[in-house]
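Start counting the sequence shown at 225; every next residue gets the next number (the working numbering). The C-beta atom is built at its ideal place from N, Cα and C for all residues, glycine as well. Owing to the predicted nature of the structure, the values given are computational and were not obtained by experimental measurement. Worksheet: the structure to be examined is printed underneath.
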Amino acid sequence: MRKYTAKIEWLAVKEEALKMLNQGYSYTLLHEHFVTEGKITMAYKTFYGYVRVAKASSNQSSQEKSDTPARKLGVSNGDSLIKHDSNPDLNKYI
Numbered sequence: 225m226r227k228y229t230a231k232i233e234w235l236a237v238k239e240e241a242l243k244m245l246n247q248g249y250s251y252t253l254l255h256e257h258f259v260t261e262g263k264i265t266m267a268y269k270t271f272y273g274y275v276r277v278a279k280a281s282s283n284q285s286s287q288e289k290s291d292t293p294a295r296k297l298g299v300s301n302g303d304s305l306i307k308h309d310s311n312p313d314l315n316k317y318i
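Laid out in structure tokens, this is it:
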């Protein structure tokens with residue numbers, strides 16, 4: 225295999241590989257699939273290295289997106305949507 229050929233092959237299947245990985249395919253099944261389809265010729269070890277790095281970077285970017293504070297249920301601008309009555313009229317509910 226010529227130098228950098230594996231990287232070129234990886235870039236050609238990267239999006240499809242990450243999509244399949246998110247669908248639950250294992251690393252070995254992904255590698256076998258792409259070899260059978262004739263899309264890659266690289267060794268499993270090389271393929272695994274590329275997938276592992278790409279998966280880690282995609283997880284990191286999704287964590288950065290989730291770092292923004294999420295709105296809590298029942299709370300809007302610090303005001304509670306549920307009002308608490310400290311002296312409820314129980315006759316209303318009986």
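Query, Result
"Straight-line Cα distance separating residue 227 from residue 274", "15 Å"
"Of the residues 247, 248, 261, the one placed nearest residue 237, counting alpha carbons only", "261"
"Cutoff 6 Å; reference residue 263; Cβ partners in own chain excluding five residues on either side", "237"
"Beta-carbon proximity of residue 241 to residue 270, cut-off 8 Å", "no"
"Selection from 317, 279, 310 that minimises the alpha carbon distance to residue 247", "279"
"Segments assigned alpha helix (DSSP H), at least 4 residues, entirely inside the segment 241-294", "251-261, 268-290"
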